[in-house]
Every structure is written in structure tokens, then in C-alpha cells.
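Reviewing the structure listed below.
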Amino acid sequence: MIPIKLSKRQQEILEIVKEAGPITGKEIAEKLSLTRATLRPDLAILTMAGSLEAKPRVGYFFNPQSEVRQSAANLAKQLVNNYKAHPIVVQKSASVYDAIVQIFLEDVGTLYAVDKEGLLAGVISRKDLLRAAIGNNNLEELPISVIMTRMPNIVTVKYDETLFEAAKKLIHNHIDSLPVVREIDKEKNMYEVIGRITKTTITRAYVELLEI
Ligand code: ADP
-17 MIPIKLSKRQ QEILEIVKEA GPITGKEIAE KLSLTRATLR PDLAILTMAG SLEAKPRVGY
43 FFNPQSEVRQ SAANLAKQLV NNYKAHPIVV QKSASVYDAI VQIFLEDVGT LYAVDKEGLL
103 AGVISRKDLL RAAIGNNNLE ELPISVIMTR MPNIVTVKYD ETLFEAAKKL IHNHIDSLPV
163 VREIDKEKNM YEVIGRITKT TITRAYVELL EI
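With our numbering as the guide, the letters of the sequence shown map in order to residues -17 to 194.
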């Protein structure tokens, strides 16, 4: 659904119908001190958009589903750039032991490994670290580069993509987090990490947008 931008008058009409519906067009016009004819185009737009329902001889009703659709559409068009969190990065030469400490210190579920140039080289999740820790008692000697998911297998999101696109990538790839990147050289898989989007980011955006 494409969200429509309501005019001030259309918003006023919606408020009136929400409060006093079912209500006739004539009564709405009286409340706004306008003529019925002036309001006709606005009522037609609101009815076509699904915000209002009209019943002959009864009047206009507010359709609460339309608000849910509008909120969902608002959520979908939000940009990754406005919601991204700070990325927690480690050098890919760091040890698994250091990565485990980092995950606790930073209170995150996923770390991003970078190379000497600061470009994205890998992703290390909690389970990657648990897997490496089972039966290995020399975690200080084991570099994360051995256990991380590497480029070109990393699923990323660009800062100008939408939260909806990010959410779909999380779900389709069964992962918890996406590095937000700025492309340096696509052919050579060179990306700068500028943020992270996690399942928590999407949940927070959902709550924020519906709580207003
Ligand atoms: P966990 O393993 O703690 O449940 P995830 O579900 O995010 O966390 O990770 C599952 C696997 O997918 C891990 O092996 C991890 O390295 C990998 N992974 C996580 N995020 C990404 C990503 N953005 N791109 C590619 N692989 C990823």
C-alpha cells in the first residue's frame, strides 16, 4: 500500500469521524463550518483510501484497519540510516577469547571483523564463539578469522535501504544482524562498516512508530 499524505482538513475530518461516527457528511460540514459541497472531494479521497467507510442513510465510519496499514507503511519506508546502531568491530587477527570478552563488554550478540584497512572481513555470532569454545582450551591462540563467516558470504545492508528491506534480509537468511555498509569497491568486496541493524532495531522501530 502506498501511504497517502493527508491534508490538514482531511485529518480534521478523520478526527471528527473517529470521535463522533457514524456521522453524516452534513454534520461533518457543520462541525467544520463548511458546506457539504466543499467537503465532498475530501470525503471521496478518505473513502477511496480506505480510512473511512460510508453507509447510505447512516453516515461515515472510521476504519481502524486503515491506521494499522498506514503505520505498517510508515515503518516500511523508514531508512536504515536513521535507525542503525553503532557497529562493534574487532580486528580479524583478534583471538576468540578476546571476541568473547568483547561480546560481554559491549552487550551485543554479533561482532564484525575488519582487516587492517578497516574494511569488513567477517561476522562472528554468539554461536560461532560457542562452537569454537567446545573442546578447545586454547581460545587465546585461536584467531577469529578461522571461525568467522567471511566475505563474500556476508549479507549486508546499505544505509539508504529501507528497514523493510533489512527486515526481509534478516528473516530470509536466518540471521540476527546485518552490518550497515558504505560501498568502496563492489567488485573487490570492499565495504566500510558504518553501523548495524539487528532484530532489536526492527522491534524498536516498530514500537516507536506505533506508540505515538
Ligand atoms: P547465532 O549464531 O548466535 O544464533 P546468527 O543467527 O546471527 O546468530 O548467526 C548464524 C550464523 O550466520 C553464524 O554462523 C554467523 O556467523 C552467520 N551470520 C550472522 N550474521 C550474518 C550476516 N550478516 N551475513 C552472513 N552470515 C551471518
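Each residue gets a CB set at the ideal place from its N, CA and C atoms; glycine is no exception. Remember, it's a predicted structure, so these values are computed and weren't measured experimentally.
Bridge partners of Met172 according to DSSP: Asp167. Counting only runs that start and end inside the stretch 101 to 162, the beta strand (DSSP E) elements of at least 3 residues fall at 102 to 107. A direct Cα-to-Cα measurement between Val(-1) and His154 gives close to 41 Å.
By the Cβ neighbour-count rule, Leu25 is buried, with 16 or more other Cβ atoms within 10 Å of its own. Scanning its chain for C-beta atoms nearer than 8 Å, with the 5 sequence neighbours on each side dropped, one finds around Gly104 the residues Lys74, Tyr94, Ala95, Ile126, Ser127, Met130, Thr131, Arg132, Met133, Ile136, in chain order. Taking a 10 Å sphere around the C-beta of Pro46, we find fewer than 16 other C-beta atoms and assign the residue as exposed.
As far as DSSP is concerned, Leu192 takes part in no beta bridge. Per DSSP, the continuous beta strand (DSSP E) segment holding Ala95 begins and ends at 92 to 96. Here Leu(-4) is actually not in contact with Val62; their C-beta atoms are around 30 Å apart, not less than 8 Å. Taking a contact to require three or more Cβ pairs closer than 8 Å, the stretch 64 to 72 and the stretch 176 to 191 qualify as touching. In the DSSP assignment, Leu34 falls within the unbroken beta strand (DSSP E) covering 34 to 37. Remark: the C-beta of His154 is outside contact range of the ligand ADP, defined as less than 7 Å to any heavy atom.
With contacts defined by Cβ atoms closer than 8 Å, Tyr173 and Arg164 form a contacting pair. Secondary structure of Leu61 (DSSP, three-state): strand.
Apart from the 5 residues on each side of it in sequence, His156 has no Cβ closer than 6 Å to any other Cβ in its chain.
It is roughly 44 Å from the alpha-carbon of Leu34 to the alpha-carbon of Val90. Of the residues Ile82, Glu147, Phe86, the one whose Cα lies closest to the Cα of Ala114 is Ile82. Of the residues assessed, Ser159 falls on the buried side of the cut-off, its CB having 16 or more other CB atoms within 10 angstroms. DSSP places Gly177 in the strand class (E or B) of the three-state scheme.
Between Gly100 and the set Arg22, Val175, Pro161, Glu193, the nearest pair of CA atoms involves Val175.
When C-alpha distances from Lys109 are compared across Gly7, Ala31, Ile85, Ala55, the shortest belongs to Ile85.
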